[in-house]
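First the structure, in the form of structure tokens, and then the observations on it.
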Amino acid sequence: MIKEASLEDKKQVYELWKASYPSQNQNYLTYYFKTLFDQGTCLLQEQDNKVISSIQMNEHVISFGARKIAIAYLLGVSTLPDYRRRGHMRTLMEAALDETSHNYLFTFIKAFNPKLYAPYGFETVYAHRHFLIKSEELNKVSCLHTQKEATASQLLYAYKRFIVKFDGYYIRDLAYYERLLEELELKEKRMVVYRDPVQGVCGYLIYQIIKDEIQVKEAIYQDSISLMRMLKAISEPEREILIEVSEKEHLEKIFPLVIPKKQGFMMVRVNNYELFNKYFNKQVKNAREAFEILKKPLWLHEYY
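Using the UniProt record's numbering, the first residue of the sequence shown is number 1, and each one after it goes up by one.
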């Protein structure tokens, strides 16, 4: 039976996610269910008097051209191991897409398994470029004006200045950055900021240290100097820095010896082509064409 999760189901869904994503930091998972889970809608399937599969639908607002458009983001796609390959997730996904199709122009899902989601009409429209930077490439760089702390309002200010170069991005607000600062307290992720003496905070990096790598998950910056100084501030002699940026951020101009690798990051389903084409006066036939009408490059780094 498919139904919307109730408060009584929340603990079972939490245990389902733990079983389905064993590599996920448990402190973050607990934080997500405490702080963010209730803001979305969770559909689940029950069998044998327990929750066997679930999918979460979160609403966000993105910039799309000159418009603000509400979208649905699907995550937490999970099924108990003993119940997999029996069609449970297909039934649940079809129910979720039926609901999002009636309420949103787009449905997003992270592109970690494109073959799994392509049959439902999802297409990869956005990729990240990964640059692996050795610490010696930053030997001549100073970390002047870098710090480890900033307020939510300062981070939002930096984001707004950076994001004007792009489109397709989330409309973030002060609450978003207040939650980010709470998340950083879990110690899974870290932050460094660049504070210009005149303009204040105008850049930040969100990063994790995983074994021999320092992985930069989000880089907000105004110019190459601020970016390189922040990278210098987090660099360590024995670790390489892996930084994820959008396809149009050409870091090879400042790191000419580094060969970037491309990886799909976001898949999108256009839920109603007739409505889309009428709304934007276009004749697109797939999600990739829909996002190609934007005049600025895409920027998407959201995980929920």
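Glycine included, each C-beta is placed from N, C-alpha and C at the ideal position.
Could you check how far apart the C-beta atoms of residue 129 and residue 262 are, in whole angstroms? I think they sit under 8 Å. 6 Å
Residue of 62, 99, 13, 137 minimising C-alpha distance to residue 241: 137
Below 9 Å between beta carbons: does that hold for residue 63 and residue 163? yes
Please report the Cβ distance between residue 169 and residue 299, rounded to the nearest whole angstrom; I am assuming they are in contact, meaning their Cβ atoms lie under 8 Å. Contact between residue 169 and residue 299 holds, since their C-beta atoms are separated by about 5 Å, short of 8 Å.
Just curious, the alpha helix (DSSP H) that residue 88 is in, first and last residue? 88-101
Could you round the C-beta distance between residue 271 and residue 100 to whole angstroms and report it? I think they count as a contact, below 8 Å. 6 Å
9 Å Cβ cutoff met for residue 184 and residue 206: yes
Compute the beta-carbon to beta-carbon distance between residue 24 and residue 51, rounded to the nearest angstrom, for a pair I have assumed lies under 8 Å. With 8 Å as the limit, residue 24 and residue 51 do not qualify as a contact, their Cβ atoms being about 18 Å apart.
How about the segment 208-228 and the segment 60-78: do they share at least three Cβ pairs that are nearer than 8 Å? no
Decide if the segment 87-106 is in contact with the segment 187-195; the criterion is three or more beta carbon pairs, one per stretch, under 8 Å apart. Too few Cβ pairs lie closer than 8 Å, so no.
Decide if residue 109 is buried, meaning its Cβ has at least 16 other Cβ atoms within 10 Å, or exposed. buried
Once you ignore the five residues that flank residue 29 on each side, which residues in its own chain have a CB closer than 8 Å to its CB? 14, 17, 18, 21
Could you tell me whether the segment 115-134 touches the segment 79-86, where touching means 3 or more Cβ pairs closer than 8 Å? no
Let's test the definition: count the other Cβ atoms within 10 Å of the Cβ of residue 251 and tell me whether it reaches 16, buried, or not, exposed. buried
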